[in-house]
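First comes the structure, then the notes that go with it.
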Amino acid sequence: MADLNATRNPFVPGFGVPPSEMVGRSDLMRDLREGLESGPRDERYTSVLLGTRGSGKTATLNAVEENAQKAGWLVMSVDASTGGLPDRIIQAVAWARDHHEGAEIADPDAGHRGGGYSVRLPMGFGWGASQPAPARPDWDMRHHLAGLASHAAASGSGVLLTVDEIHAGNREEIRRLASDLQHITKRDQMPLAFLAAGLSVLEYTLLSDMRMTFFQRCARFAMPPLTLAEAVGGLRRTVRLGGGQIDDDALLAAAEATGPLPYKLQLVGHHAWTVSAAPDEPINLSDCRLAATLAAEDFKQKIAIPAWDDLCRSDQEYLKIVVSLGDAATRHGIASLASAEASALSRSERRLRALGYVGLSDDGTVSMTGILTPDVVQEAIDTEAGYTIGATGHPRCNAEMPRAKATCVLRAGHTGRHRSK
Ligand SMILES: Nc1ncnc2c1ncn2[C@@H]1O[C@H](COP(=O)(O)OP(=O)(O)O)[C@@H](O)[C@H]1O
Ligand SMILES: [Mg+2]
Numbered sequence: 037m038a039d040l041n042a043t044r045n046p047f048v049p050g051f052g053v054p055p056s057e058m059v060g061r062s063d064l065m066r067d068l069r070e071g072l073e074s075g076p077r078d079e080r081y082t083s084v085l086l087g088t089r090g091s092g093k094t095a096t097l098n099a100v101e102e103n104a105q106k107a108g109w110l111v112m113s114v115d116a117s118t119g120g121l122p123d124r125i126i127q128a129v130a131w132a133r134d135h136h137e138g139a140e141i142a143d144p145d146a147g148h149r150g151g152g153y154s155v156r157l158p159m160g161f162g163w164g165a166s167q168p169a170p171a172r173p174d175w176d177m178r179h180h181l182a183g184l185a186s187h188a189a190a191s192g193s194g195v196l197l198t199v200d201e202i203h204a205g206n207r208e209e210i211r212r213l214a215s216d217l218q219h220i221t222k223r224d225q226m227p228l229a230f231l232a233a234g235l236s237v238l239e240y241t242l243l244s245d246m247r248m249t250f251f252q253r254c255a256r257f258a259m260p261p262l263t264l265a266e267a268v269g270g271l272r273r274t275v276r277l278g279g280g281q282i283d284d285d286a287l288l289a290a291a292e293a294t295g296p297l298p299y300k301l302q303l304v305g306h307h308a309w310t311v312s313a314a315p316d317e318p319i320n321l322s323d324c325r326l327a328a329t330l331a332a333e334d335f336k337q338k339i340a341i342p343a344w345d346d347l348c349r350s351d352q353e354y355l356k357i358v359v360s361l362g363d364a365a366t367r368h369g370i371a372s373l374a375s376a377e378a379s380a381l382s383r384s385e386r387r388l389r390a391l392g393y394v395g396l397s398d399d400g401t402v403s404m405t406g407i408l409t410p411d412v413v414q415e416a417i418d419t420e421a422g423y424t425i426g427a428t429g430h431p432r433c434n435a436e437m438p439r440a441k442a443t444c445v446l447r448a449g450h451t452g453r454h455r456s457k
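Under my numbering, the residue at position 414 of the sequence shown is numbered 450, and the numbers go up by one with no gaps.
Written as structure tokens, this is what we have:
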């Protein structure tokens, strides 16, 4: 009988799916491990991971959780994207009290991580030997967490609480959690470690909220972009792991198509594996070229278009101008075309840079990164132009005309040059 595992695609493009092979995260993992080992005085004992969708935040949380459990920590994981965070944390603590070492639960009563919690009790936690003091019905989240942390301290261990999608959390609930952690971990130095993950825009929301002292005292880690060498190594090892082979020139082409995000690596690899009929056939250059095109289309649908739709109108306008200016998008050039004021433009630039959608080069030009690509913005411009009715009663072209500081007044789809009047 054929071994099904041998033919299974080792690449797993998705969200929250653990990769077969973690690529390019060893420095980050070391920092986080050292933080946990050093204890509450270390800033990294409470850390926040910041990155775009697909940069591997959830995969990193999962890997840290697994290592922590192996090292004897009690690990509780929750997702902030649905309300009721304090209740879920209390339920997770209650579950931990009722179970014994080595037990593990994922997403009780809920089909997805968002609605539930997961708890991993390590071997040797000493739970059975000395039960923690019983919880009282009037206890709030702080009491529950402090009770668990003091039990962990007594048994020479620690509790790790992870919160995913923290940018999507209810602000009031996050504020309560921050204040509890400030007391338990920062003030009382109890062994309750914290690791959260969210979109980079957090830097300008939660993390700059001066009322949440706790977050000012957390270490912040931007998810590092994959280098070309890391992509080459990661693709090669994953192909081998699946029992396949890849030609050298094909490997380089696949790595070049990967770019900074692990999610894209999984997409490119997945398509290359499928189109080449691996592992029976080696993956060659033309397989990888096709895979790059297919992956780019998937990436556009799953990351770039939702990212565009999530932006506020003023940030969309800013990007439209950047795209219309092409290589010449200086701040001055952008300002000369925009209807918004300088302060609004600088806020848009800051938000878009925090999200990783634009970068500022040394010569002062604003350029788009490979995440939200110019063609997505151009398509939005074209679609909107189709809905804009000009004086003639026909859709207008509306192409940006930077030098004339205007948009084209001709009918959409006209031939010849654009005209501003
Ligand atoms: N370090 C990594 N190396 C290889 N693949 C990864 C890595 N991190 C994440 N992935 C893969 O990328 C995809 C997105 O990861 P995920 O952790 O869900 O991203 P995020 O939470 O930042 O949106 C998943 O398919 C996952 O398996
Ligand atoms: Mg995630």
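Using N, Cα and C, we set each Cβ at its ideal position, and we do this for glycine too.
What you are looking at is a predicted structure, and each value in this text was computed from that prediction instead of being measured.
Reduced DSSP category for residue i - H, G, I as helix; E, B as strand; rest coil
i: leucine 264; result: helix
i: methionine 65; result: helix
i: isoleucine 210; result: helix
i: arginine 256; result: strand
i: leucine 181; result: helix
i: isoleucine 407; result: coil
i: glycine 400; result: coil
i: glycine 362; result: helix
i: threonine 424; result: coil
i: alanine 376; result: coil
i: threonine 96; result: helix
i: alanine 416; result: helix
i: glutamate 317; result: coil
i: leucine 157; result: coil
i: valine 311; result: helix
i: proline 431; result: strand
i: aspartate 351; result: helix
Cα-Cα separation between residue i and residue j, rounded to whole angstroms
i: glycine 50; j: leucine 217; result: 32 Å
i: alanine 416; j: histidine 430; result: 19 Å
i: valine 155; j: serine 113; result: 6 Å
i: alanine 421; j: glutamine 352; result: 15 Å
i: leucine 297; j: phenylalanine 335; result: 10 Å
i: alanine 472; j: isoleucine 319; result: Because the chain is modelled from 37 through 457, residue 472 falls outside the range shown and cannot be assessed.
i: glycine 280; j: tyrosine 354; result: 45 Å
i: arginine 61; j: isoleucine 202; result: 21 Å
i: alanine 229; j: tyrosine 81; result: 5 Å
i: isoleucine 141; j: threonine 198; result: 15 Å
i: alanine 190; j: glycine 108; result: 13 Å
i: valine 311; j: aspartate 411; result: 26 Å
i: lysine 441; j: aspartate 346; result: 27 Å
i: alanine 289; j: isoleucine 339; result: 22 Å
i: threonine 118; j: tyrosine 153; result: 11 Å
i: serine 91; j: valine 304; result: 15 Å
i: lysine 300; j: alanine 331; result: 7 Å
i: arginine 409; j: proline 261; result: The residue asked about is misnamed: residue 409 is threonine in this sequence, not arginine. About 17 Å.
Residue burial classification, residue i (beta-carbon count within 10 angstroms, cutoff 16)
i: leucine 446; result: buried
i: lysine 106; result: exposed
i: alanine 313; result: exposed
i: methionine 177; result: buried
i: leucine 277; result: exposed
i: cysteine 254; result: buried
i: aspartate 200; result: buried
i: glycine 194; result: buried
i: cysteine 348; result: exposed
i: aspartate 323; result: buried
i: proline 55; result: buried
i: methionine 226; result: buried
i: threonine 294; result: buried
i: proline 173; result: exposed
i: isoleucine 282; result: buried
i: arginine 247; result: exposed
i: alanine 188; result: buried
i: threonine 94; result: buried
i: glutamine 302; result: buried
Same chain, Cβ closer than 8 Å to residue i, five either side skipped, listed in chain order
i: tyrosine 423; result: Pro431
i: glycine 147; result: Legend: pLDDT at glycine 147 = 42, less than 50; position of this residue unreliable, value from coordinates given subsequently. There are no such residues.
i: histidine 135; result: Ile141, Val155, Leu157 and Trp163
i: methionine 437; result: Thr443, Cys444, His454 and Ser456
Own chain partners of residue i with C-beta closer than 6 Å, once the 5 adjacent residues on each side are dropped
i: aspartate 285; result: Leu321
i: phenylalanine 250; result: Ala214, Leu217 and Gln218
i: proline 76; result: Thr221 and Gln225
Cβ-based neighbour list, residue i, same chain, cut-off 7 Å, excluding 5 preceding and 5 following
i: glycine 392; result: Thr88, Ser236, Thr405 and Ile407
i: glutamate 333; result: none
i: alanine 380; result: Ser350
i: alanine 390; result: Ser236, Val237, Glu239 and Tyr240
Segment contact flag, the stretch 448-456 with the stretch 362-370, C-beta cutoff 8 Å, min 3 pairs: Look at the beta carbons and you see the stretch 448-456 not touching the stretch 362-370: under three pairs across the two are nearer than 8 Å.
Inter-stretch contact at 8 Å, needing at least 3 Cβ pairs: the stretch 109-129 / the stretch 256-275: no
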